[in-house]
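Peer 1: Each residue of the sequence shown is one higher than the one before, starting from 5 at the first, in this note's numbering. All residues carry an ideal CB built from backbone N, CA and C; glycine is no exception. Since we're looking at a predicted model, the values are computed, not measured. Below: one structure in structure tokens.
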Amino acid sequence: VIDLLDEGLRALRERARAFAAEAIAPLAAREEHEADEEGSVRECLRRLAQAGWLREVVPQEHGGARPRVSLRALCILREELAFASGLADVAFAMQGLGSFAVTLAGSEALRRRWLPAVASGRAIAAIAITEPQAGSDIAATATTARRDGDDYVLDGEKTLISNAGIADFYALLARTGPGEGSRGLSLFLVEGDRPGLSVPRRIPLIAPHPIGDLALSGCRVPAANRVGEEGEGFRIAMRTLDAFRPSVGAAAVGFARRALEEALGRARSVRRFGRPIGEFGAVRAALAESAVELEAARLLVLRAAALWDEEKSEDVTFASASAKLFATEAAQRGVDRAVQIHGGTGVVRGIPVERLYREVRALRLYEGTSEILREVIARGLLGERDRSPRA
Ligand SMILES: Cc1cc2nc3c(=O)[nH]c(=O)nc-3n(C[C@H](O)[C@H](O)[C@H](O)COP(=O)(O)OP(=O)(O)OC[C@H]3O[C@@H](n4cnc5c(N)ncnc54)[C@H](O)[C@@H]3O)c2cc1C
């Protein structure tokens with residue numbers, strides 16, 4: 005870790021840790037934090053913006069903190085936020101994930117209009133790729149964008165879209181054709197208040213997370229809202245995922261670290277058979293396993309982020325998939341061990357490890373399921389460049 009973080013990033017970690025403890029942990033402790041997802045996301049964003057943290061998700065030219073977005077900084081922030089609250093982590097992450105396509109490939113006008121608003125918390129960002137019949141298989145995207153003069157007309161459905169209904173804009177993938185599979189896909193910035201765009205359903209999840217479906221029916225967007233060229237949508241979406249997968253791993257590290265801390269507290273304080281449970285070999289082994297996996301996960305995450313930051317593009321896809329795969333799977337095991345060390349108390353609604361148990365699960369599903377990540381890694385190993393099953 006020492007090699008992967010310079011002095012500036014180490015200082016950022018200290019500041020982020022203090023911010024999470026002072027500004028986020030008290031919010032997460034409130035009863036309404038889980039019940040009122042939208043209110044909690046808005047409050048987290050307000051606090052993140054006020055402290056200047058949202059500036060980390062866009063480049064300096066458009067209101068950001070650094071000349072180029074630092075993925076290591078994003079990973080450090082996500083670990084600290086997730087340690088305090090999964091919802092705060094999601095609020096932060098979506099600002100980056102939703103706006104990154106514009107940062108990578110948007111026109112100057114789109115960047116000027118939206119990136120400073122994302123960095124100041126005035127605009128909430130989202131990314132809309134998944135459809136009822138196109139999750140892992142993005143190339144099966146059925147939403148269409150038909151060119152009509154200076155506009156495109158969008159029709160289709162999206163599902164499981166984080167921030168659905170509260171986002172000010174969606175980076176949305178649609179089929180422009182011609183071109184089979186992934187080659188006919190393009191990305192659009194669709195404002196949340198466009199006529200023809202609606203949110204027919206909010207979807208309740210096992211842990212707090214604002215999410216829902218989108219319906220597009222004759223939704224007209226100007227051609228100037230296209231992000232990148234026609235047919236480039238899949239590539240831009242994949243580049244965005246390459247960048248953000250390590251940060252999902254970082255959030256997993258945050259959950260795992262919190263779980264280990266809670267488990268250590270329990271191991272020291274609870275006595276059974278006349279001694280602290282931390283003196284039993286089985287409990288000690290579980291703590292040791294969790295600690296080693298946590299450290300390994302953080303190293304993979306920071307290494308993948310460093311490769312991106314240093315533009316080692318040939319290694320990024322492999323490293324980023326490996327980091328997300330290992331960190332999210334290890335965090336699931338670590339949280340489960342922490343619940344076990346708590347005994348029956350571990351499943352009591354509202355205690356930290358119970359919340360972590362619900363929060364950690366989704367990370368193995370979104371931004372590439374563990375199965376898809378193994379496939380990405382295997383393709384890299386076998387020297388197969390094309391990553392879309394249907395491209
Ligand atoms: C909390 C949460 C937030 C999300 N936020 C967003 C968002 O903001 N924007 C967005 O666009 N999407 C979002 N999603 C959707 C997410 O990206 C998809 O759920 C994910 O890509 C998996 O797609 P699916 O659900 O259709 O599962 P499927 O693709 O139907 O997969 C079902 C199972 O089959 C396996 N499988 C599929 N294909 C293969 C294969 N080729 N080889 C081996 N196994 C395979 C999968 O690994 C999985 O186990 C979110 C999901 C969650 C849970």
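Count the other CB atoms, across all protein chains shown, that sit within 10 Å of the CB of ASP154; report buried if there are 16 or more and exposed otherwise.
Peer 2: ASP154 should be labelled exposed.
Peer 1: Hey, is the region 196-206 in contact with the region 132-150, meaning 3+ C-beta pairs nearer than 8 Å?
Peer 2: Contact between the region 196-206 and the region 132-150 is absent, because fewer than three Cβ pairs lie under 8 Å.
Peer 1: With three or more C-beta pairs closer than 8 Å as the rule, is the region 286-295 touching the region 67-74?
Peer 2: Taking 8 Å as the limit for Cβ pairs, the verdict is that the region 286-295 does not touch the region 67-74.
Peer 1: Note down the Cα distance separating ILE355 from GLY216, rounded to an integer number of angstroms.
Peer 2: If I take the Cα positions, the gap works out to 27 Å.
Peer 1: Identify the continuous beta strand (DSSP E) that holds THR4 and give its terminal residues.
Peer 2: With the chain covering 5 to 395 only, the question about residue 4 has no answer from this structure.
Peer 1: What distance in whole Å lies between the Cβ atoms of PRO212 and GLU36, which are believed to be in contact at a cut-off of 8 Å?
Peer 2: Incorrect: roughly 10 Å between the Cβ atoms, too far for contact.
Peer 1: Going along the chain, which residues of its own chain have a beta-carbon closer than 7 Å to the beta-carbon of LEU13, five neighbours each way excluded?
Peer 2: Counting only Cβ-Cβ distances below 7 Å, and skipping sequence neighbours, we find ARG76, ALA77 and ILE80.
Peer 1: Answer yes or no: do ALA335 and ALA301 have a C-beta to C-beta separation smaller than 8 Å?
Peer 2: Closer than 8 Å, so yes.
Peer 1: Determine the burial state of PHE330: buried for a count of at least 16 other Cβ atoms within 10 Å of its Cβ, exposed for fewer.
Peer 2: That one is buried.
Peer 1: In terms of DSSP beta bridges, what is LEU291 paired with?
Peer 2: Answer by DSSP bridge pairing: none, since LEU291 is not bridged.
Peer 1: Between the alpha carbons of ILE240 and VAL94, how many angstroms are there, rounded?
Peer 2: The alpha-carbon atoms of ILE240 and VAL94 are separated by roughly 21 Å.
Peer 1: For the alpha helix (DSSP H) that GLU18 lies in, which residues bound it at each end?
Peer 2: Looking at the DSSP string, the run of the alpha helix (DSSP H) that includes GLU18 is 11-23.
Peer 1: Taking ALA175 as the reference, give the member of GLY285, ALA308, VAL364 and VAL225 with the closest Cα.
Peer 2: If we check each option's Cα against that of ALA175, VAL225 comes out closest.
Peer 1: Rounded to whole angstroms, what is the Cα-Cα separation between ILE381 and VAL274?
Peer 2: Near 42 Å, if we compare the C-alpha coordinates of VAL274 and ILE381.
Peer 1: Going by CA-CA distance only, name the one from GLU42, LEU268 and GLY232 that's closest to SER166.
Peer 2: The option with the nearest alpha carbon to SER166 is GLU42.
Peer 1: Should THR134 be counted as a contact of ligand 1 given a C-beta to heavy atom distance under 7 Å?
Peer 2: At least one heavy atom of ligand 1 is nearer than 7 Å to the Cβ of THR134, so yes.
Peer 1: Check whether the Cβ atoms of GLU135 and THR163 lie closer than 8 Å to each other.
Peer 2: Cβ distance < 8 Å, so GLU135 and THR163 count as in contact.
Peer 1: May I ask you to check if the CB of THR373 is nearer than 7 Å to at least one heavy atom of ligand 1?
Peer 2: Because some heavy atom of ligand 1 lies under 7 Å away, the Cβ of THR373 counts as near it: yes.
Peer 1: Where DSSP assigns a beta bridge to ASP217, which residues make up the other side?
Peer 2: DSSP output for ASP217 lists ARG205 as bridge partner(s).
Peer 1: Have a look at ARG19, ALA255 and ARG262 and flag the residue whose alpha-carbon is nearest the alpha-carbon of LEU367.
Peer 2: The option with the nearest alpha carbon to LEU367 is ALA255.
Peer 1: Could you pull out every residue in the same chain whose Cβ sits closer than 8 Å to the Cβ of LEU264, ignoring the five residues on either side in sequence?
Peer 2: For LEU264, where only same-chain residues beyond five positions count, the Cβ hits under 8 Å are LEU291, SER294, ALA295, LEU298, GLY338 and ALA342.
Peer 1: Is DSSP giving LYS328 helix, strand or coil here?
Peer 2: Note: LYS328 maps to helix in three-state DSSP.
Peer 1: Starting from SER251, follow the alpha helix (DSSP H) in both directions and report where the run begins and ends.
Peer 2: Segment 237-273, the alpha helix (DSSP H) holding SER251.
Peer 1: Just the C-alpha distance for LEU158 and ALA228, rounded to the nearest angstrom, thanks.
Peer 2: Cα to Cα, LEU158 sits roughly 14 Å from ALA228.
Peer 1: With DSSP run on the structure shown, which of helix, strand or coil describes VAL352?
Peer 2: If DSSP states are grouped into helix, strand and coil, VAL352 belongs with coil.
Peer 1: Output the distance between the C-alpha atoms of LEU52 and GLY253, rounded to the nearest integer angstrom.
Peer 2: Rounded to the nearest angstrom, the two C-alpha atoms are 21 Å apart.
Peer 1: DSSP three-state call for ARG359: helix, strand or coil?
Peer 2: Helix at ARG359.
Peer 1: Does ligand 1 have even one heavy atom less than 7 Å from the beta-carbon of HIS37?
Peer 2: For ligand 1, not one heavy atom lies less than 7 Å from the Cβ of HIS37.
Peer 1: Once you ignore the five residues that flank ARG19 on each side, which residues in its own chain have a CB closer than 8 Å to its CB?
Peer 2: No residues qualify anywhere along the chain.
Peer 1: Indicate whether the contact test is met: 3 or more Cβ pairs, each with one atom in the region 374-388 and one in the region 307-316, closer than 8 Å.
Peer 2: No, because fewer than three Cβ pairs between the region 374-388 and the region 307-316 fall closer than 8 Å, the two stretches do not touch.
Peer 1: Check THR163 in the structure and name its three-state DSSP category.
Peer 2: Residue state, collapsed to three classes: strand.
Peer 1: Between which two residues does the beta strand (DSSP E) carrying ALA109 extend?
Peer 2: No beta strand (DSSP E) holds ALA109; the alpha helix (DSSP H) holding it covers 90-109.
Peer 1: As a quick exercise: from SER124, SER186, ARG21 and ALA33, pick the residue whose alpha carbon is nearest that of GLN54.
Peer 2: Comparing Cα-Cα distances from GLN54 to each of SER124, SER186, ARG21 and ALA33, the minimum goes to SER124.
Peer 1: List the residues that DSSP assigns as beta-bridge partners of ASP155.
Peer 2: Note: ASP155 sits in a beta bridge opposite ASP152 and PRO226.
Peer 1: By the three-class DSSP mapping on this structure, what secondary structure does SER190 have?
Peer 2: In this structure, SER190 counts as strand in the three-state DSSP scheme.
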